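Colleague: Residue numbers (my numbering), protein chains in the order written: chain G, 1 to 366; chain S, 1 to 366; chain A, 1 to 366; chain Y, 1 to 366; chain Z, 1 to 366.
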Amino acid sequence: MYEDKNQHWGVTIRNITNRVSRKAGMMPGSLVHVGEKRTEKPKITIIDYDRTNYHEKTVDDVEECFPFKDSSTVSWINIDGIHQVDIIEKLGKHFGLHPLVMEDIVHTSQRPKMEDYDHYIYVVLKMLWFSEEDADVKAEQVSIILGKGFVISFQEIEGDTFNSVRERIRNSKGRIRTMGADYLAYALIDSIVDNYFIIIERFGDIIEELENKLIDDPNPETLQSIHDMKKEMIYLRKSVWPLREVINGMERTESALFQDTTFVFLKDVYDHTIQISETIETYRDILSGILDVYLSSVSNKMNEVMKTLTIIATIFIPLTFLAGMYGMNFSYMPELGWKWGYPAVWIINITIFLSMYIYFRKKNWL
Amino acid sequence: MYEDKNQHWGVTIRNITNRVSRKAGMMPGSLVHVGEKRTEKPKITIIDYDRTNYHEKTVDDVEECFPFKDSSTVSWINIDGIHQVDIIEKLGKHFGLHPLVMEDIVHTSQRPKMEDYDHYIYVVLKMLWFSEEDADVKAEQVSIILGKGFVISFQEIEGDTFNSVRERIRNSKGRIRTMGADYLAYALIDSIVDNYFIIIERFGDIIEELENKLIDDPNPETLQSIHDMKKEMIYLRKSVWPLREVINGMERTESALFQDTTFVFLKDVYDHTIQISETIETYRDILSGILDVYLSSVSNKMNEVMKTLTIIATIFIPLTFLAGMYGMNFSYMPELGWKWGYPAVWIINITIFLSMYIYFRKKNWL
Amino acid sequence: MYEDKNQHWGVTIRNITNRVSRKAGMMPGSLVHVGEKRTEKPKITIIDYDRTNYHEKTVDDVEECFPFKDSSTVSWINIDGIHQVDIIEKLGKHFGLHPLVMEDIVHTSQRPKMEDYDHYIYVVLKMLWFSEEDADVKAEQVSIILGKGFVISFQEIEGDTFNSVRERIRNSKGRIRTMGADYLAYALIDSIVDNYFIIIERFGDIIEELENKLIDDPNPETLQSIHDMKKEMIYLRKSVWPLREVINGMERTESALFQDTTFVFLKDVYDHTIQISETIETYRDILSGILDVYLSSVSNKMNEVMKTLTIIATIFIPLTFLAGMYGMNFSYMPELGWKWGYPAVWIINITIFLSMYIYFRKKNWL
Amino acid sequence: MYEDKNQHWGVTIRNITNRVSRKAGMMPGSLVHVGEKRTEKPKITIIDYDRTNYHEKTVDDVEECFPFKDSSTVSWINIDGIHQVDIIEKLGKHFGLHPLVMEDIVHTSQRPKMEDYDHYIYVVLKMLWFSEEDADVKAEQVSIILGKGFVISFQEIEGDTFNSVRERIRNSKGRIRTMGADYLAYALIDSIVDNYFIIIERFGDIIEELENKLIDDPNPETLQSIHDMKKEMIYLRKSVWPLREVINGMERTESALFQDTTFVFLKDVYDHTIQISETIETYRDILSGILDVYLSSVSNKMNEVMKTLTIIATIFIPLTFLAGMYGMNFSYMPELGWKWGYPAVWIINITIFLSMYIYFRKKNWL
Amino acid sequence: MYEDKNQHWGVTIRNITNRVSRKAGMMPGSLVHVGEKRTEKPKITIIDYDRTNYHEKTVDDVEECFPFKDSSTVSWINIDGIHQVDIIEKLGKHFGLHPLVMEDIVHTSQRPKMEDYDHYIYVVLKMLWFSEEDADVKAEQVSIILGKGFVISFQEIEGDTFNSVRERIRNSKGRIRTMGADYLAYALIDSIVDNYFIIIERFGDIIEELENKLIDDPNPETLQSIHDMKKEMIYLRKSVWPLREVINGMERTESALFQDTTFVFLKDVYDHTIQISETIETYRDILSGILDVYLSSVSNKMNEVMKTLTIIATIFIPLTFLAGMYGMNFSYMPELGWKWGYPAVWIINITIFLSMYIYFRKKNWL
Ligand SMILES: [Mg+2]
Ligand SMILES: [Mg+2]
Ligand SMILES: [Mg+2]
Ligand SMILES: [Mg+2]
Ligand SMILES: [Mg+2]
Ligand SMILES: [Mg+2]
Ligand SMILES: [Mg+2]
Ligand SMILES: [Mg+2]
Ligand SMILES: [Mg+2]
Ligand SMILES: [Mg+2]
Ligand SMILES: [Mg+2]
Ligand SMILES: [Mg+2]
Ligand SMILES: [Mg+2]
Ligand SMILES: [Mg+2]
Ligand SMILES: [Mg+2]
Ligand SMILES: [Mg+2]
Ligand SMILES: [Mg+2]
Ligand SMILES: [Mg+2]
Ligand SMILES: [Mg+2]
Ligand SMILES: [Mg+2]
Ligand SMILES: [Mg+2]
Ligand SMILES: [Mg+2]
Ligand SMILES: [Mg+2]
Ligand SMILES: [Mg+2]
Ligand SMILES: [Mg+2]
Ligand SMILES: [Mg+2]
Ligand SMILES: [Mg+2]
Ligand SMILES: [Mg+2]
Ligand SMILES: [Mg+2]
Ligand SMILES: [Mg+2]
Ligand SMILES: [Mg+2]
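(1) Identify the contact partners of Phe360(G) in chain Y, using a Cβ-Cβ distance below 9 Å as the criterion.
(2) Label Glu115(Z) either buried or exposed according to how many other C-beta atoms from any shown protein chain fall within 10 Å of its C-beta, with 16 as the threshold for buried.
(3) Is the Cβ of Thr39(Z) closer than 7 Å to any Cβ of chain Y?
(4) How many Å lie between Thr73(Y) and Gly180(Y) at the Cα?
(5) Give me, in chain order, the residues of the same chain whose beta-carbon lies closer than 6 Å to that of Gly29(A); leave out the 5 immediate sequence neighbours on both sides.
(6) Can you list, in chain order, the residues of its chain whose CB lies under 7 Å from that of Glu89(G), leaving out five sequence neighbours each side?
(7) Does any C-beta atom of chain S lie closer than 7 Å to the C-beta of Gly324(G)?
(8) Against chain S, which members of the stretch 256-280 of chain G pass a CB distance test of less than 7 Å?
(9) Sorry if obvious, but does the Cβ on Asp268(Z) come closer than 6 Å to a heavy atom of ligand 22?
(10) Distance check for Ile358(A) and Leu319(S), CA to CA, integer angstroms please.
(11) Closer than 7 Å, CB to CB, is Ile350(Z) near chain Y or not?
(12) Can you give me the C-alpha to C-alpha distance between Lys362(Y) and Lys307(Z), rounded to a whole angstrom?
(13) Thinking C-alpha only, which one of Pro67(S), Ile46(S), Asp50(S) and Lys69(S) is nearest Thr58(S)?
(14) Rank Arg202(Z), Ile169(Z) and Thr108(Z) by C-alpha distance to the C-alpha of Glu140(Z) and give the top, closest one.
(15) Look up Lys362(Z) in the DSSP assignment and say whether it is helix, strand or coil.
(16) Would Tyr283(A) pass as a contact of Met233(A) if the rule is Cβ separation under 7 Å?
(17) Could you have a look at Lys93(A) and say whether DSSP puts it in helix, strand or coil?
(18) Per the contact definition of three or more C-beta pairs closer than 8 Å, is the stretch 121-132 of chain Z in contact with the stretch 267-277 of chain Z?
(19) State yes or no: is the beta carbon of Glu3(A) nearer than 7 Å to at least one beta carbon in chain S?
(20) Mapping DSSP to helix, strand and coil, what is Ala139(G)?
(21) Using a Cβ-Cβ cut-off of 7 Å, state whether Trp9(G) counts as contacting chain Y.
(22) State buried or exposed for Glu3(S), treating a residue as buried only when at least 16 other CB atoms are found within 10 Å of its CB.
(23) Buried or exposed: Glu201(G), going by 16 or more other Cβ atoms within 10 Å of its Cβ?
(24) Measure the beta-carbon distance from Tyr326(Y) to Lys339(G) and round it to whole angstroms, keeping in mind my assumption that it falls under 8 Å.
(25) Classify Ala256(G): buried if its beta carbon has 16 or more other beta carbons within 10 angstroms, exposed otherwise.
(26) Using Cβ-Cβ distances below 7 Å, what residues of the stretch 227-251 of chain S are close to chain G?
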């Protein structure tokens, strides 16, 4: 059920740490895209706002982003596509990003982490969603740069969980337009984490289905599904577990980029990451239990098969022996001439049959 | 035995973290009720007391609670029903609750936690009880706001473990009337935790029954029960484990809302949460052991079945072969003409039978 | 082997955390005896001593203990029987014990713990002994109050491990008469912990027996014994594990009730608790290994059974088939007329038999 | 597949902690080579550079290295071959290395570690590579001495992962020529860690192959391969796990040998060690799952075998019994004379056959 | 292979925590020898040295050791035999040892530990060696007292790992004659730890043999050996694990008894204890894997047995049935009269045989 095909809009979660070795031996800070190969031009969108104003535009040339670095408004630059490293490099140089940060942005095998570079904070994490199409979890690496008055987000491909944030900015809904860039960064992370719950619940449903199948009709495919789910949990956990540290690190940072009012929101998203991690552990425990039940139901089935064989064989083998005895061709076999010989054999047979039946009943095999 | 139906007065413990995703993409602090759908009007009760006075009333309009915020007495406002979010919102605004707190109150998937907002403390935990009706644990989220001179408790539905506290206030029994709001908050938490012991003991009885069944008559349903109990333990643990931190956090808080004399009582309830957690771990260990015994008893049964088959087959197959030999129709078979041929076959049969019997006796198969 | 009867002088270790729920809903600090029901009058003994003087008496009225609170000598009040809560209450009130401490003293489900109430220290732990009579571990809750110049010990029933301490006081043996009440409290705890070693060694012997049985004659009862021992270890661990913290807490306390010279003795008993805990873990590991060996020996036995069946069946089934062929009654069966037909069948039979035998020999099945 | 031969250019990873005992009883600081025996002369190479100058030479006499100790340029002395301990000793004495450091350099069983000796830092770790030739991981101990203005690296044999670093120095590529000796030390460690990713990915491929085999055609060799991979993971982990502490120690050191700008690079390589460790844990988890699937597929196969036997035996044994009955030679067997007796037996046979067939269908055995 | 006999020169490692209970109820600080009973007189040896002088003598009377307490040279007093407690008591009193220290010296069940008594340091650990004679690990408790200018070592029996230290002192080899008593204490511990590597490697060889047996010819004895090795690991670990803390405690002590130059040597022996602990964990993991392979190879064998039976039975049972049909004695059985009836049965038999053969081939059972 959980196939491993790379889709046009993301990679399956199981591949997210693959092909890291492509860069072995390269200079630290080398900008080399490691991830799914793509050819389309990256899409750059700018949303610029403050309490009263709001502008949104898509730009072709990355240099159009440069003025927003020092604007007094909150500026959100979103890049969909990181495979054209020269764009990342230009942007990174203007915004003063460390070469190692740029390297990590274009290298899609990062473990979720938070790094504080004084004048900006770098956060990298995995955006996940459940693709119903091929019943698998898709993953995309998202890098977020939080600077003074700006947020830059880098995604591998178009399509994300940020639309609700965009809507709230556009419609001036809630507090987002009255808060700073740090709140925007929080809102983006929150929307990514919220989406994890959907995956978690989808897996919850699949596990429930597995449990039902287990009772109704366990078969080797059930086992394969248990194993697949276990693996999904292992990979999911790799994306979620480090997130706790990431958000905890943001809460405890002494960076001037964060306003005090934002910390309570970070605490809220931190709660969510803990809830998700715990649910993953719960699912792992339940899957272990399901495996135990499966293995034991296989044993029980075997028991039933063996009982059937044993009952039939144990009843008929002695009867067949008896019939064999009177099928012998010895000249002198007195019983053969008796009038009641043949009925007597039937009576013996029925007696043996019945006593065996009672015996198996008593042993609870029938 | 442990079915999964939602009852009119609570949800089964296994559902308490479900349907979180309903809120994905919403603004942080959005008041959306996540939990069992209900239509009845929430019930608001106020108990107001000090050393000498005592008033109790049920109010229709939430605004009737507002004066109690600054009364010098201890005021306990209890809300049964959190599905009407406008009531929560009005109350929350008057009492100065943070939007994220209000969001958590109406969102019934919270992990137990304690948050200190300086002028009030927010505690959320699970009230559990064992429903004998459908032999399952029911859970309800309880939020407690402890402010200066007041406690607000939010429950999902009517019916709780607080009656003993109410009685003690009414009858001025014990020290409760002489203590502050912090002691009241403690008393509520203590009554919830005391109830956990009942569940724990009920599970203890079920596990003991399982062990007895294991010896008397293990069958596939036993396995299913073991698996179900294991799962109950996993979910129970999710409710109890974080409670240790919650109460520990209250003990260590430097909030002015707590009087020194209350800490020793918090320590007492902390002891209880540790006892409960340890018992859950103990039960998990014992259930693992029960599973091992079950699996091995299945193997032992199989062994017994196979032995029966093997003994019967091993004795009669050679005898049948011999009978078959003398059933052949060759013209020249000298034995057939012998007078003692037929009795000789019987003697050989009995000899084989007896030596096999002795052999199996020696091998301890009989 | 490990039966579950309550004896007249203690309860089996497995019951020590049971029936806690009896108190759910009660006022904190309610004095309710939770434990084995008893009717006899509690026995109160006072031992009062200093370097030169020594008095010992049994009193009927608890008020006779009161003068010893402020005597300059070391006074040890021992109460055997905590079911008469009024006695505990009177004593507790005079000696200034907190209601929660009194509650814990009469509630026999306490997890071992140490609490520092400035003018006294409260320690609760489990006294264990191995009852050879019914081959089970018995447990009794012991509470120790260490105050300035006095020690009060509460036991559930008469009979304890303190006789050696009493002897040393009576005979002025060793340093006990020259030291304070803190050393007396240490000496009591040390005598309880020393007794744990006896249980540990008794279990060591039982485990060794189990291992021997495993090799000589494994059977389903062996499995039940392994499971029982595993459970004993789980319960034993619950009594011993928290003791580490208890004694560590006493070592690190800054209470004026302890003299500097006593700490090195506490360190010694701390070493013992670690040794005991480690041995319990060792036994758990070994029991897991024993279970593995047991399960695998069951599989090996099955293998042997199946081989026997397979060898017999595989040899005789083809032979029986051949005999059956020449037992057919076709009119035209040329072999039947041959003179050497019948001996030929025997030769074929013996050939098949021998080649099968060689084949199984090669396969190492014989 | 993973054989254990020592190759001419390294030892298999499983041997890296062997033969430590050779030194038992020797004086601490004794220079005794513990590792693969070799006879060729060690090769000493010096690369000396600063922002503008660059020299590279191979020297025959270790004393030619001495002047570089105090040169103002960055000097990298690389020794291939540590079996000639007198060379190590001469060099160590001139550069002021502690005897215990020299001992560790020539003793190839070191656990990765970092030691700060004020005027130099000693780092020892394992250089690993995957030998496609014999499908096994090869390991070599690399010691790095970082002093003021110099780096000394000791390898067991020629051939390493440092070529990319050499190229960057030669071609003045990147920042390496502008940075100090500390950056050079970092670059060497980074090139070693980068190589771990290649091994990790190779193992990822092997595990994927194993999973495919598991579905297509599981056999005892699959089991052996799972066990082998598990062991590889255990040994790999022993090389990688301590590396986290090593690099963390370098990051946190207060040594004057490190410039501030280097720490961000150490943080980057630290990320890599965490990623590698986590992937190893992931692989271990997956291998456990694979083992479960394998074991259960063996059980399933057995089930299928037993079902086949049971179906055949259960159908034909009663039929054979019936045939045996009418093969008896009693004089008085009325059915034998009936005209429709023989067809009736066939009809009974077919009826039994069909009802058995339907029965097994219903039981889902067919 | 791993028998449990006590030898004349030590006890098997598995017994080292036994018979602790002998002392239950005794006064703390009671000098009672707990260990193997012995009668010979303890042997007391004194080695006294400084940079220029060296004396070695064996004394009969313990009082001859007393002058060395305050000599300005380094004095090493070694006692072989601790069963004569009066000797220990005299020595202990003169050198100012605490009664609890003396108690621990003669009580051979100590867990390795380090205690700082200001004017001396007490270290107790296990000296282990592999007895090839009865293929088992022998253990002996060694206590070391480090005071100002003296070291006292207590062993259970003659024979130890200290000869290399003695040689270095005698021959003035290395730095030992130029260093203080703290370095001597280190040298003794180092020689004990070095010996652990020999045991570790011996076990490594045994595990390798086990793995080979597993592939060549697994049998129930293999299982017993796995279980025995697992137990050896458990006991070995109990001796080695606490050693980490012991040496770490020595490194971090602020005692004036240690010179700064000694700490780097303690760090070296600390490295060794970590290496040994890790190898023990590695061996435990590998033994688990070996057990899995063993269990699964038993299942595989069973599968093979069952396949053999099933193939033979499934082929011949239908054939035998057919033969039985034509062995019936019905008067009217037209086939019996047919000329080609008998050959037809053979053709049917061969057809059934061949199609079964092809069927099993396809199923991969042949
Ligand atoms: Mg995916
Ligand atoms: Mg990976
Ligand atoms: Mg990776
Ligand atoms: Mg990086
Ligand atoms: Mg999967
Ligand atoms: Mg959850
Ligand atoms: Mg389960
Ligand atoms: Mg969930
Ligand atoms: Mg929230
Ligand atoms: Mg419920
Ligand atoms: Mg359940
Ligand atoms: Mg209490
Ligand atoms: Mg309890
Ligand atoms: Mg158990
Ligand atoms: Mg198993
Ligand atoms: Mg309990
Ligand atoms: Mg008991
Ligand atoms: Mg038991
Ligand atoms: Mg012990
Ligand atoms: Mg074992
Ligand atoms: Mg090693
Ligand atoms: Mg070393
Ligand atoms: Mg290698
Ligand atoms: Mg391997
Ligand atoms: Mg799996
Ligand atoms: Mg012991
Ligand atoms: Mg001691
Ligand atoms: Mg020994
Ligand atoms: Mg070993
Ligand atoms: Mg052993
Ligand atoms: Mg393995």
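We treat Cβ as the ideally placed atom computed from N, Cα and C, and that holds for glycine.
Being a predicted model, the structure only gives us computed values, none of them experimental.
Modeller: Reading it off the structure:
(1) Counting from one through the first sequence, the residue named residue 360(G) turns up at place 360. The premise fails here: Phe360(G) is roughly 14 Å from chain Y at the closest Cβ pair, so nothing lies under 9 Å.
(2) On the fifth sequence, residue 115(Z) is found 115 positions in, with the first residue counted as 1. The residue in question, Glu115(Z), is buried, as its Cβ has 16 or more Cβ neighbours within 10 Å.
(3) Position 39 of the fifth sequence, counted from the first residue, corresponds to residue 39(Z). No, no contact with chain Y.
(4) Locating residue 73(Y) in the fourth sequence gives position 73, counting from the first residue. Locating residue 180(Y) in the fourth sequence gives position 180, counting from the first residue. Spanning the two alpha carbons is a distance of roughly 9 Å.
(5) As a position in the third sequence, residue 29(A) is number 29, starting the count at 1. Pro99, Leu100 and Glu103.
(6) Here residue 89(G) refers to the residue found at position 89 when the first sequence is read from its first residue. Excluding sequence neighbours, Glu89(G) sits near Leu31 and Met102.
(7) Position 324 of the first sequence, counted from the start, is the residue given in the question as residue 324(G). Yes, because at least one Cβ of chain S sits closer than 7 Å to the Cβ of Gly324(G).
(8) From the stretch 256-280 of chain G, only Val264, Phe265, Asp268, Asp271, Ile274, Gln275, Glu278 and Thr279 have a Cβ closer than 7 Å to chain S.
(9) What you label residue 268(Z) is simply residue 268 of the fifth sequence in a count that begins at 1. Relative to the non-hydrogen atoms of ligand 22, the Cβ of Asp268(Z) comes within a distance shorter than 6 Å of at least one.
(10) As a working note, residue 319(S) is residue 319 in the second sequence. As a working note, residue 358(A) is residue 358 in the third sequence. Approximately 22 Å between the Cα atoms of the pair.
(11) Taking the first residue of the fifth sequence as 1, we reach residue 350(Z) at position 350. It does not: the Cβ of Ile350(Z) has no partner Cβ on chain Y nearer than 7 Å.
(12) The residue given as residue 362(Y) occupies position 362 in the fourth sequence. The residue given as residue 307(Z) occupies position 307 in the fifth sequence. Their Cα atoms are separated by approximately 25 Å.
(13) Here residue 58(S) refers to the residue found at position 58 of the second sequence. That would be Ile46(S), whose Cα lies nearest to the Cα of Thr58(S).
(14) By 1-based counting over the fifth sequence, the position of residue 140(Z) is 140. Here the closest residue by C-alpha is Thr108(Z).
(15) Start at 1 with the first residue of the fifth sequence, and residue 362(Z) comes out as number 362. If DSSP states are grouped into helix, strand and coil, Lys362(Z) belongs with the helices.
(16) The residue given as residue 283(A) occupies position 283 in the third sequence. The residue given as residue 233(A) occupies position 233 in the third sequence. Cβ distance < 7 Å, so Tyr283(A) and Met233(A) count as in contact.
(17) Looking up residue 93(A) in the third sequence gives position 93. If DSSP states are grouped into helix, strand and coil, Lys93(A) belongs with the helices.
(18) Counting Cβ pairs under 8 Å, fewer than three are found: no touch.
(19) What you label residue 3(A) is simply residue 3 of the third sequence in a count that begins at 1. For Glu3(A), the pLDDT reaches just 35, beneath the cut-off of 50, and the residue's location in the model is therefore unreliable, leaving the point undetermined.
(20) Looking up residue 139(G) in the first sequence gives position 139. In this structure, DSSP gives Ala139(G) an extended state, which the three-state scheme calls strand.
(21) What you label residue 9(G) is simply residue 9 of the first sequence in a count that begins at 1. Interpretation of Trp9(G) is limited by its pLDDT of 40, a score under 50 that renders its predicted location unreliable; the figure taken from the coordinates is listed afterwards. The Cβ of Trp9(G) sits no closer than 7 Å to any Cβ of chain Y.
(22) What you label residue 3(S) is simply residue 3 of the second sequence in a count that begins at 1. Any reading at Glu3(S) must be qualified, since the residue scores a pLDDT of 35, below 50, and its modelled position is unreliable; no value is offered.
(23) Position 201 of the first sequence, counted from the start, is the residue given in the question as residue 201(G). So Glu201(G) ends up on the buried side.
(24) In the fourth sequence, the residue the question calls residue 326(Y) occupies position 326. In the first sequence, the residue the question calls residue 339(G) occupies position 339. Their Cβ separation, rounded to whole angstroms, is 18 Å, which puts Tyr326(Y) and Lys339(G) out of contact at 8 Å.
(25) Against the first sequence, residue 256(G) aligns to sequence position 256. By the 10 Å Cβ count, Ala256(G) comes out exposed.
(26) Residues of the stretch 227-251 of chain S that bring their beta carbon within less than 7 Å of a beta carbon in chain G comprise His227, Lys230, Lys231, Ile234 and Lys238, in sequence order.
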